[in-house]
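**Q**
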Amino acid sequence: MTRVLAAAAVLAALGLPALAQPREADWPCPQRKVSTLGPGAVWTGPDPTRALAEWGDDRVAARLAQTLASRRTPLEAVDGLLDGFAKDLGPDRAERLTRVFAGVFEGLNGERDKVVAGIDRYARGQRVMAERIRDEAGRISEIKTSPDAAAGKDLADLEGRFTWDRRIFQERSQSLNFVCEVPTLLEQRLGEIARRIQARL
10 MTRVLAAAAV LAALGLPALA QPREADWPCP QRKVSTLGPG AVWTGPDPTR ALAEWGDDRV
70 AARLAQTLAS RRTPLEAVDG LLDGFAKDLG PDRAERLTRV FAGVFEGLNG ERDKVVAGID
130 RYARGQRVMA ERIRDEAGRI SEIKTSPDAA AGKDLADLEG RFTWDRRIFQ ERSQSLNFVC
190 EVPTLLEQRL GEIARRIQAR L
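Below, the structure is given as structure tokens:
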């Protein structure tokens, strides 16, 4: 218990936040973790079940879906691309537009799934590093309060390792704050494109 308290004191003094118990194991982001989305989260048009299975067979719809899903395509270009596709559609208009949605959904949701899995892996690494930093802080505190002069011979090396690990931890934490926004940005893009497709049904 003494070592735990000493480690906590050193961490606080050096500005390294202690990691709270996560709301969900290894999930570090402020927003609630949703591992994968269902189409119903953004789509209120025709049942997309068949379209999700067949959209790749419609080459024109699939090509448009891939273009719309790409983050290189600005949202400002979406309306023009959809209008160009929809202007010559016949009685199968709703079916083919639903295929476009299905392709966009699979592209963006698949990308989002990969990001969420990457955040999980990243966070597990951070927790391992945080435990190592706690151990190093506790050892530094023990050495500094030890009456045994010989115990201090490794103090410089240990403090150097602690400083380096803390720096890496903090830099990775800052990067993680940015990465945590990516799933939300992908959801927002998917929802906006779905809304624009539905407006043309």
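For the sequence shown, the positions run 10 to 210 when this note's numbering is used. Using N, Cα and C, we set each Cβ at its ideal position, and we do this for glycine too.
1) So V109 and L73 are supposed to be a Cβ contact under 8 angstroms. How far apart are they, rounded?
2) At a cut-off of 8 angstroms, would you count T107 as near the ligand NAD, judging by its Cβ distance to the nearest heavy atom?
3) So the candidates are G116, W64 and D101; which of them puts its Cα closest to the Cα of R80?
4) Determine whether the beta carbon atoms of V51 and E196 lie at a separation below 9 angstroms.
5) In angstroms, rounded to a whole number, what distance separates the CA positions of V137 and E145?
6) For a quick check, are the C-beta atoms of F187 and A139 less than 9 angstroms apart?
7) Going by Cα to Cα distance, which pick from I128, G112 and P55 is closest to D101?
8) Which term fits A132, buried or exposed, when burial requires 16 or more other beta carbons within 10 angstroms of its beta carbon?
9) Counting beta carbon pairs with one atom in the region 113 to 127 and one in the region 89 to 96, are three or more of them shorter than 8 angstroms?
10) Please tell me whether P37 has its Cβ less than 9 angstroms away from any Cβ of chain C.
11) Is it right to say W64 is buried, meaning 16 or more other beta carbons lie within 10 angstroms of its own, or is it exposed?
12) How is A22 classed by DSSP in three states: helix, strand or coil?
13) Within the same chain, show all residues whose beta-carbon is closer than 8 angstroms to that of A95, passing over the 5 residues directly before and after it, in chain order.
14) Does DSSP put V125 in a helix, a strand or coil?
15) Assuming contact is defined by CB atoms lying nearer than 9 angstroms, are I142 and R121 in contact in what I supplied?
16) Assuming the contact rule is C-beta atoms closer than 8 angstroms, N118 and L194 should be a hit. Round their C-beta distance to whole Å, please.
17) Are I206 and A78 close, meaning C-beta to C-beta below 9 angstroms?
**A** The answer reads as follows:
1) That pair is a contact at about 5 angstroms.
2) By its list of ligands, the structure shown contains no ligand whatsoever, and the ligand NAD lies outside what it can speak to.
3) Ranking G116, W64 and D101 by CA distance to the CA of R80 puts G116 first.
4) Cβ atoms of V51 and E196: closer than 9 angstroms.
5) Between V137 and E145, the C-alpha separation is close to 13 angstroms.
6) It is not a contact, given that the beta carbons lie outside the stated cut-off.
7) Ranking the options by Cα distance to D101, first place goes to P55.
8) Buried is the call here.
9) The answer is no - the region 113 to 127 does not touch the region 89 to 96, with fewer than three Cβ pairs under 8 angstroms.
10) The question asks about chain C, but that chain is absent: this structure has only one protein chain.
11) Counting Cβ neighbours within 10 Å, W64 comes out buried, since at least 16 surround it.
12) Bear in mind that a pLDDT of 40 at A22, under 50, signals an unreliable position, so the number given afterwards is only what the model happens to contain. Here A22 sits in helix by DSSP.
13) Closer than 8 angstroms at Cβ, skipping near neighbours: R102, L106 and R209.
14) Helix at V125.
15) At a Cβ-Cβ threshold of 9 angstroms, I142 and R121 do not count as neighbours.
16) About 13 angstroms; that fails the 8 angstroms criterion.
17) No; because the gap between Cβ atoms is not below 9 angstroms, this pair is not in contact.
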